[in-house]
Amino acid sequence: MQEVAEFIQINNEKIFAVFHVPEKTDISKAFVFIHPFAEEKLWSHRVYVSFARELARQGYHVARFDFRGHGDSDGDFIDSSLEKHNKDIGTVINQLRVKFQVDDIGLFGLRLGATLAINYASSNNDIRDIILWDPVLKGERYMQELLRSNLAGQMALKGKVEVTRDDLVKQMRSGIPINIEGYFLTYSYYSELSEIDLQKLKDRKSINCLINQIVRNPKQPQNKTFLEFINKFSEKSELVKSHEEQFWKEIKTFYQTAENLCSSTLSWMNKLK
Amino acid sequence: MLINTILDEQTKMKSTPVIFSNRNGLKLFGILEQPDSGAKNIAVLLLSPGIKMRVGPHRMYNKLSRVLVSNGFTVLRFDFYGLGDSEGELDQKVLVDVYNSIQNGRYTEDTIDAMDWVSRTYSIDSFILGGLCGGAITGMLAGSIDNRVKGLIALGLINVFEGGEENFSKFVTEGQLDELKRGYVSKLTDINSWKRVITLKSDFRTIFKILLKPFRVVSKRIREKLNRNTKKKIEFIHDDSSNTNPKFAPTFFSMLQHSRKMLLIYSGGDRLLWEFKEKFESIYKSHLSDYSHMYDLHIIPDANHILSLSEWEETMHNLVREWLETNFRNL
Chain A
21 MQEVAEFIQI NNEKIFAVFH VPEKTDISKA FVFIHPFAEE KLWSHRVYVS
71 FARELARQGY HVARFDFRGH GDSDGDFIDS SLEKHNKDIG TVINQLRVKF
121 QVDDIGLFGL RLGATLAINY ASSNNDIRDI ILWDPVLKGE RYMQELLRSN
171 LAGQMALKGK VEVTRDDLVK QMRSGIPINI EGYFLTYSYY SELSEIDLQK
221 LKDRKSINCL INQIVRNPKQ PQNKTFLEFI NKFSEKSELV KSHEEQFWKE
271 IKTFYQTAEN LCSSTLSWMN KLK
Chain B
57 MLINTILDEQ TKMKSTPVIF SNRNGLKLFG ILEQPDSGAK NIAVLLLSPG
107 IKMRVGPHRM YNKLSRVLVS NGFTVLRFDF YGLGDSEGEL DQKVLVDVYN
157 SIQNGRYTED TIDAMDWVSR TYSIDSFILG GLCGGAITGM LAGSIDNRVK
207 GLIALGLINV FEGGEENFSK FVTEGQLDEL KRGYVSKLTD INSWKRVITL
257 KSDFRTIFKI LLKPFRVVSK RIREKLNRNT KKKIEFIHDD SSNTNPKFAP
307 TFFSMLQHSR KMLLIYSGGD RLLWEFKEKF ESIYKSHLSD YSHMYDLHII
357 PDANHILSLS EWEETMHNLV REWLETNFRN L
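The listed protein sequences correspond, in order, to chains A and B. Going letter by letter, the first sequence gives residues 21 to 293 in our numbering. Going letter by letter, the second sequence gives residues 57 to 387 in our numbering.
Next comes the structure, spelled out in structure tokens:
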């Protein structure tokens, strides 16, 4: 198994990517890993690395990369946009095809990374499989979470909330980005993400989709919205639950792998073979 | 087009993904960044903070690296074993245990191995180590035993082990208590706060500690007076019931005695400042005065641990620039 780290040039900027190459394989399939938002990317990074290495052990090619404005890629977070994200995903897919001659490419993502995976797949007909770990289906709700984290930051710093959620939105609208744990969110990016409502997505019966719902309590029922959403995809699509903690945040447990998520995902992938 | 080394025309910075092995054969991953021309004969190693790998919180290390490269330094940001994209696994299951193992020197050898690799590959034999929190203490531990290290950029240098929430009242600093006291006073008219007191939900151990502060102040003054009278030979004090890292004081003085320049930057709103001041600086005040020319301590007012506002980060960049200009201009 080999890991190749390289920069890919795109419009005078560079994207950082790591390619996981299996030793010998009769699987001609690759997955592109799409990372979650801002600090969630850093907290979940090691789980992504472990899962990529496991897939490579199983014979899959994997490409992990940093969106422009994230990690080791060029650009600033403040310039993020959905259009750029889609271009970055497309660029990495092309490199994977050119470099390793793999045509069958699937997408994997966690949280907002999963959302961006569906967003890309819905406008590109060449994606057959998508693996979604706890996808964000409603962008607006997720943006509210982000605004809450700004309020929590104000509380920690000043002992009170001086700028309310509405005022934060007004601030962005007036052209002043807001600070989410050191990342600057503009109104245009905020609006783009808020407008995402995957429940309105048209059926995509050509895509095999796995939704892996992360539950902190194994007795937690299946998410009804996920159940409805999975019906938009092929018959091989499935909603499963995996018992894990919220490893994309700072939690007490040190997460190197998400074993339950990995094993349930691999068993679905094995069914697809 | 896939490229190994890439030059940014705007910043004139060359970036190269690199892989090297540590002494245990584990492959460590990093990004080497250099000026396009005129690099100084000294490299800066930015050491991962906690588990947040080579980019740091909100890409702090990438931004700091640009500042360093624009000042002529070669920079290596890399992942310690078990973190980021490097090989290896950690035994710890709890995050606090990982943090404490780092503070105890888990990554000292990886840091030395990284210097060995840079020396071999780029013929650079002088280093400045830098980092935030766990990265800063790793830099100090490695710097105190490796003569190639000429300086340390320490952001939020941590001198205590993490005790966890359950031990909060045991290890709380006077600075934290003052903050809490202000909070408690402001809630004196809040009925819900009194409900917490009546239903015994309040943290009484911490409240008692606040009330007993005047007695501790008197006893501290007596101790300081005694310390002044017994000056010169440094006796490192370690109380087993304290959360202070016993390696901190000897290592700090070792850095000073070996003429390693240190830039210490603390955030005004970070408990680590109080930890440093109360559990190190005030104890060794008389000895530190002999070395005041060897280290610069700056506090960025109100800032948080990760310097999340751009003005805080900019202040940090300026402090780093000035310190490098003063101490490493001719290398």
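Note that the Cβ used here is the ideal one computed from N, Cα and C, for glycine as well.
Check                                                                                                                                                                       : Outcome
Alpha carbon to alpha carbon, how far is Asn-299(B) from Asn-215(B)?                                                                                                        : 9 Å
Checking 8 Å against the spacing of the C-beta atoms, do Thr-277(A) and Leu-230(A) come in under that value?                                                                : no
Give the single residue among Ile-138(A), Val-24(A) and Lys-178(A) whose Cα lies nearest to the Cα of Asp-358(B).                                                           : Lys-178(A)
If you measure from the beta carbon of Tyr-111(B) to each beta carbon in chain A, is any gap under 8 Å?                                                                     : The sequence given here has Val at residue 111(B), not Tyr. Yes, because at least one Cβ of chain A sits closer than 8 Å to the Cβ of Val-111(B).
For the region 165-177 of chain A, enumerate the residues whose C-beta is nearer than 9 Å to any C-beta of chain B, in chain order.                                         : Gly-173, Ala-176 and Leu-177
For Met-57(B), name the three-state secondary structure that DSSP assigns.                                                                                                  : Confidence in Met-57(B) is poor, its pLDDT being 36 and thus under 50, which makes the residue's placement unreliable; the coordinate value appears in the next sentence. Reduced to three states, the DSSP call for Met-57(B) is coil.
When you compare only the Cα positions, how much space is there between Lys-119(A) and Ala-83(A)?                                                                           : 11 Å
Let me check understanding here. Comparing Cα to Cα, which of Pro-91(B), Leu-124(B), Ile-321(B) and Glu-291(B) lies closest to Ser-342(B)?                                  : Glu-291(B)
In terms of residue numbering, what span does the alpha helix (DSSP H) encompassing Ile-138(A) cover?                                                                       : 132-142
In chain order, what residues of the region 129-150 of chain B put their CB closer than 8 Å to some CB of chain A?                                                          : Gly-138, Leu-139, Gly-140, Asp-141, Glu-145, Leu-146, Gln-148, Lys-149 and Val-150
I'd like to know whether the C-beta atoms of Phe-76(B) and Val-100(B) end up nearer to each other than 8 Å.                                                                 : no
By the DSSP assignment, the alpha helix (DSSP H) with Tyr-340(B) in it spans what residues?                                                                                 : It is not in any alpha helix (DSSP H) - Tyr-340(B) carries neither H nor E in the DSSP assignment.
Which residue comes first and which comes last in the beta strand (DSSP E) that contains Gln-266(A)?                                                                        : Taken as a continuous stretch (DSSP letters only), Gln-266(A) belongs to no beta strand (DSSP E), as it is neither H nor E.
What distance in whole Å lies between the Cβ atoms of Leu-208(B) and Gly-219(B), which are believed to be in contact at a cut-off of 8 Å?                                   : Actually they are not in contact, since the Cβ atoms of Gly-219(B) and Leu-208(B) sit about 25 Å apart, beyond 8 Å.
Select from the region 189-209 of chain A all residues with a C-beta closer than 7 Å to any C-beta belonging to chain C, and list them in chain order.                      : Here the protein chains are A and B, and chain C is not one of them.
Please state whether the Cβ-Cβ distance between Asn-360(B) and Ser-323(B) is less than 8 Å.                                                                                 : yes
Closer than 9 Å, Cβ to Cβ, to anything on chain B: give me those residues from the region 107-119 of chain A, in chain order.                                               : Gln-115, Val-118 and Lys-119
Compute the Euclidean distance between the alpha carbons of Tyr-68(A) and Val-24(A), then round it to the nearest angstrom.                                                 : 16 Å
Taking buried to mean at least 16 other C-beta atoms within 10 Å of its own C-beta, is Gln-240(A) buried or exposed?                                                        : exposed
For Phe-36(A), count neighbouring C-beta atoms within 10 Å of its own C-beta (all shown protein chains included) and say buried if the count is 16 or more, exposed if not. : buried
Determine the chain A residues that contact Phe-85(B) at a beta-carbon separation under 7 Å, and present them in chain order.                                               : Ala-25
So what's Lys-107(A) in DSSP terms, helix, strand or just coil?                                                                                                             : helix
Suppose you measure from the CA of Leu-299(A) to the CA of Ser-142(A); what does that come to, to the nearest Å?                                                            : Residue coverage of chain A in this structure runs from 21 to 293, which leaves residue 299(A) outside it and unanswerable.
Give the straight-line distance between the Cα atoms of Gly-89(A) and Glu-59(A), rounded to the nearest whole angstrom.                                                     : 12 Å
With 8 Å as the threshold, decide whether the Cβ of Gly-133(A) is near any Cβ in chain B.                                                                                   : no
Could you confirm whether any beta carbon from chain A is found closer than 8 Å to the beta carbon of Lys-71(B)?                                                            : The sequence as given places Ser at residue 71(B); Lys does not occur at that position. At least one chain A Cβ lies under 8 Å of Ser-71(B).
Name the residues in the region 151-169 of chain B whose C-beta lies less than 8 Å from a C-beta of chain A; which are they?                                                : Leu-151, Val-152, Asp-153 and Val-154
Based on DSSP bridge pairs, tell me the residues matched to Phe-183(B).                                                                                                     : Ala-99(B) and Val-205(B)
Leu-365(B) touches chain A at which residues, Cβ-Cβ below 7 Å?                                                                                                              : Asn-199
At a Cβ cut of 8 Å, what residues of the region 306-328 of chain B count as close to chain A, listed as they run along the chain?                                           : Gly-325
Kindly indicate which residue of Thr-72(B), Ser-348(B), Leu-312(B) and Leu-213(B) has the alpha-carbon position closest to the one of Trp-330(B).                           : Leu-213(B)
Find the residues of chain B that neighbour Lys-34(A), judging by a C-beta separation of less than 9 Å, and give them in chain order.                                       : Ile-59, Ile-62, Asp-64 and Ser-71
In chain order, which continuous runs of the alpha helix (DSSP H) of length 4 or greater are located wholly inside the region 287-323 of chain B?                           : 304-313
Relative to the C-alpha of Gln-174(A), which candidate in Pro-197(A), Glu-201(A), Ile-54(A) and Asp-99(A) has its C-alpha closest?                                          : Glu-201(A)
Between Leu-292(A) and the rest of its own chain, which residues show a CB-CB distance below 8 Å, the 5 nearest in sequence each way excluded?                              : Asp-149, Asn-228 and Lys-256
Along the chain, where does the alpha helix (DSSP H) containing Asn-280(A) start, and where does it finish?                                                                 : 279-292
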